[in-house]
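Okay, so here's the structure we're looking at.
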Amino acid sequence: ARFYHEGKCVEKDGKKELYHLEQAAIGGHPKARYNVGCEDKKNGRMDRAMKHWIIAAALGHDGSLDALKDSFKDGLLSKEDFAAALRAHQAAVDATKSPQREAAELAREELEKIKRHREREVVAGNLSSLS
Numbered sequence: 001a002r003f004y005h006e007g008k009c010v011e012k013d014g015k016k017e018l019y020h021l022e023q024a025a026i027g028g029h030p031k032a033r034y035n036v037g038c039e040d041k042k043n044g045r046m047d048r049a050m051k052h053w054i055i056a057a058a059l060g061h062d063g064s065l066d067a068l069k070d071s072f073k074d075g076l077l078s079k080e081d082f083a084a085a086l087r088a089h090q091a092a093v094d095a096t097k098s099p100q101r102e103a104a105e106l107a108r109e110e111l112e113k114i115k116r117h118r119e120r121e122v123v124a125g126n127l128s129s130l131s
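Numbering (this note's numbering), first residue to last: 1 to 131.
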C-alpha cells in the first residue's frame with residue numbers, strides 16, 4: 001500500500017493503496033486497520049472509522065487508541081465503548097509482555113546508548129582535529 005501511496009516503483013494510485021490497506025487489515029495488520037480508519041474518517045464515515053480503530057486498538061495499536069480517545073472527547077464514542085477498547089488494548093499489550101521481550105528491550109536500549117556515545121566520540125574527535 002505504501003508504494004502506491006508514495007509512488008515508489010509504481011505510479012501513485014489511491015484506489016490500489018486502499019485496496020492493499022484493506023487486504024492487510026483483513027489479514028490482521030493493526031497499522032493497516034488504523035490507516036483504513038483514517039481513510040474512512042477523511043471520507044466522513046466516522047462510525048466505520050471508529051470500528052476499524054476499535055479492532056486495531058484491540059490488537060495493541062497505540063495510534064488507534066489515541067484516535068478513539070479523540071473521538072470520545074468529541075462525543076462521537078460512548079464511555080462504555082471507549083472503556084471496552086481501552087481494556088482490549090491493555091489486554092493485547094499485556095499479552096506481548098514476557099521476560100525475554102523485556103530483556104531484549106533493555107539490550108536494545110543499551111545498544112542505542114553505546115551507539116550515541118560512539119557518535120559523540122567521533123564528533124568530538126573530528127572537532128579536536130580541527131584545532
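Even for Gly, the Cβ is constructed at its ideal location relative to N, Cα and C. Predicted model, so just to flag it, every value in this text is computed and none were measured.
Practice task
Report the three-state DSSP secondary structure of E102 (helix, strand or coil).
Solution key: As a position in the sequence shown, residue 102 is number 102, starting the count at 1. It is helical.
Problem - 8 Å contact criterion, which Y34 and S78 should meet: CB distance rounded - result: Position 34 of the sequence shown, counting from 1, holds the residue named residue 34. Position 78 of the sequence shown, counting from 1, holds the residue named residue 78. Actually they do not touch by this definition, with Cβ atoms about 20 Å apart.
Practice task
Within 10 angstroms of the Cβ of E17, are there 16 or more other Cβ atoms? Answer buried if so, exposed if not.
Solution key: Mapped onto the sequence shown, residue 17 falls at position 17. Its Cβ being crowded by 16 or more others within 10 Å, E17 is buried.
Problem - Assumed close pair A104, G60 - CB separation to whole angstroms, cut-off 8 Å - result: The sequence position of residue 104 within the sequence shown is 104, counting from 1. The sequence position of residue 60 within the sequence shown is 60, counting from 1. About 17 Å separates the two Cβ atoms, so there is no contact after all.
Handout entry: Cα-Cα separation between V123 and G44, rounded to whole angstroms
Key = Along the sequence shown, one-based indexing puts residue 123 at 123. Along the sequence shown, one-based indexing puts residue 44 at 44. In a straight line, the C-alpha of V123 is about 50 Å away from that of G44.
Practice task
For I55, I'd like the list of residues in its chain whose CB is within less than 7 Å of its CB, leaving aside the five on either flank, ordered along the chain.
Solution key: As a working mapping, residue 55 is identified with position 55 in the sequence shown. Only R33 meet the Cβ criterion.
Practice task
Please state whether DSSP places L76 in a helix, a strand or coil.
Solution key: Sequence index remark: in the sequence shown, residue 76 carries index 76 (1-based). Reduced to three states, the DSSP call for L76 is coil.
Handout entry: Inter-residue CB distance, A57 and A85 (contact presumed, cutoff 8 Å)
Key = What you label residue 57 is simply residue 57 of the sequence shown in a count that begins at 1. What you label residue 85 is simply residue 85 of the sequence shown in a count that begins at 1. With a Cβ gap of about 5 Å, A57 and A85 count as contacting.
Problem - Separation of D70 from K15, as counted between CA atoms - result: One-based indexing of the sequence shown puts residue 15 at position 15. One-based indexing of the sequence shown puts residue 70 at position 70. The straight-line gap from Cα to Cα measures roughly 27 Å.
Handout entry: Inter-residue spacing [alpha-carbon to alpha-carbon] between A83 and A67
Key = Numbered from its first residue, the sequence shown carries residue 83 at position 83. Numbered from its first residue, the sequence shown carries residue 67 at position 67. Cα to Cα, A83 sits roughly 14 Å from A67.
Exercise for the section: Along the alpha helix (DSSP H) that carries E39, what are the first and last residues, could you check? Expected result: On the sequence shown, position 39 is the one that residue 39 refers to. Looking at the DSSP string, the run of the alpha helix (DSSP H) that includes E39 is P30 to K42.
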